[in-house]
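Residue numbers (my numbering): 6 to 372.
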């Protein structure tokens with residue numbers, strides 16, 4: 006037993022410019038904000054983060070900090086329940102959910118460090134390696150940018166599955182969508198799995214037509230062909246198209262995921278550990294999916310997911326998302342090498358094995 010209380014919880018927000026303009030079918034951006042939570046006890050510091058507006062940092066310091074300071078750092082499920090109750094009136098889905106998730110990740114990291122064990126061992130490892138897929142292929146990329154990115158994943162890093170964005174301009178550029186899909190297939194060859202993500206840009210029948218028109222490219226994963234709120238539409242498309250249909254990245258609580266599973270809306274359930282309630286609820290989401298005979302895919306933030314992903318038997322893979330990979334590899338020591346298409350949690354480093362490069366990220370602090 007560890008007899009040392011939590012002494013401090015802090016939150017800091019950093020905004021990092023992208024390395025090129027980025028967009029999907031429904032949104033464009035030129036910077037990404039990471040909200041970092043750090044919780045201290047017994048001379049150790051646990052670190053967690055989310056990708057959210059800086060207001061999430063205010064939730065951490067204004068609602069959650071006093072709640073968990075002085076509490077037992079090993080009682081993570083109890084602290085999670087207390088935090089979930091505390092943000093009820095602030096609204097669990099959205100910014101408050103992101104803040105809770107960052108703190109929960111930090112608490113699990115802290116507990117593992119206090120016990121001097123790797124986080125996936127503390128959680129109970131189901132695997133030693135975690136499959137990934139390369140993700141980016143933004144609609145703003147010109148042909149050379151797309152070819153360069155895909156080639157790096159497939160030829161230099163030997164990642165056997167990759168994803169590009171489609172649904173450009175809310176689904177009004179299907180000609181270019183199809184051209185980019187075919188370009189991607191040409192670049193990656195026949196042996197690499199090709200995924201596409203429309204971010205909810207299409208209508209139901211439009212998505213079905215797109216899947217048929219792209220059949221020659223052998224797309225095997227169709228993410229959010231319609232809005233993830235359109236469960237009937239996802240189910241309708243899933244019953245007709247050949248690729249697996251996936252969704253779930255906007256889930257902030259367990260009922261969301263249960264509704265999606267019960268509706269028969271997806272072939273693979275996505276969940277984001279930096280939104281859904283941290284590691285505590287990400288593991289629960291995996292159990293909900295398993296009850297429906299579904300696999301889980303971790304959405305974005307691969308370094309935040311890796312250890313939790315290693316602890317579930319019904320994992321399909323993690324998203325090696327270009328924007329977040331760029332940030333996490335740049336500002337954390339101990340970041341993963343994606344070579345061979347899998348991440349390998351360190352069997353010796355305590356916690357999640359990452360250390361913030363504070364001097365490097367300091368110039369990007371906004372809160």
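Even glycine gets a Cβ: it sits at the ideal position worked out from N, Cα and C.
- Closest by C-alpha distance to residue 19, out of 278, 105, 56, is 56.
- If you compare the alpha carbons of 181, 193, 291 with that of residue 218, the shortest gap goes to 181.
- If you draw a straight line from the Cα of residue 117 to the Cα of residue 179, it is about 48 Å long.
- With respect to the C-alpha of residue 137, the residue from 311, 352, 355, 333 having the closest C-alpha is 311.
- The Cβ neighbour count for residue 371, taken over all protein chains shown within 10 Å, is under 16; the residue is labelled exposed.
- When only Cα atoms are considered, residue 352 and residue 340 end up about 14 Å apart.
- Judged by beta-carbon spacing, residue 337 lies within the 7 Å limit of residue 359, meaning their Cβ atoms are closer than that value.
- Of 29, 258, 70, the smallest CA-CA separation from residue 140 is found for 29.
- Beta-bridge annotation (DSSP): residue 325 is paired with 139.
- Residue 251 and residue 8 have their alpha carbons spaced roughly 44 Å apart.
- At the C-beta level, residue 255 and residue 97 stay beyond 7 Å of one another.
- Under the three-state reduction of DSSP output, residue 359 falls in the coil class, being neither helix nor strand.
- Shown here, residue 261 sits in a helix according to DSSP, grouped into three states.
- For the 7 Å CB-CB criterion, residue 162 and residue 344 form a contact.
- Here the alpha carbons of residue 273 and residue 304 stand approximately 12 Å from one another.
- Linking residue 95 to residue 73 through their CA atoms gives a straight-line distance of about 17 Å.
- For residue 123, there is no enclosing alpha helix (DSSP H), as DSSP marks it with neither H nor E.
- With fewer than 16 neighbouring CB atoms inside 10 Å of its own CB, residue 267 falls in the exposed class.
- One alpha carbon belongs to residue 147, the other to residue 26, and they sit about 11 Å apart.
- In this structure, the CA atom of residue 277 is about 20 Å from the CA atom of residue 16.
- In this structure the segment 181–198 does not touch the segment 122–130; the number of beta carbon pairs closer than 8 Å is below three.
- Per the DSSP secondary-structure output, residue 170 pairs in a beta bridge with 202.
- Under the DSSP assignment, residue 8 falls outside any alpha helix (DSSP H); it carries neither an H nor an E label.
- Taking 8 Å as the upper bound for CB-CB distance, residue 285 and residue 85 are in contact here, some 4 Å apart.
- By the neighbour-count definition (other C-beta atoms within 10 Å, threshold 16), residue 197 is a buried residue.
- Here residue 341 carries a coil assignment [DSSP, helix/strand/coil].
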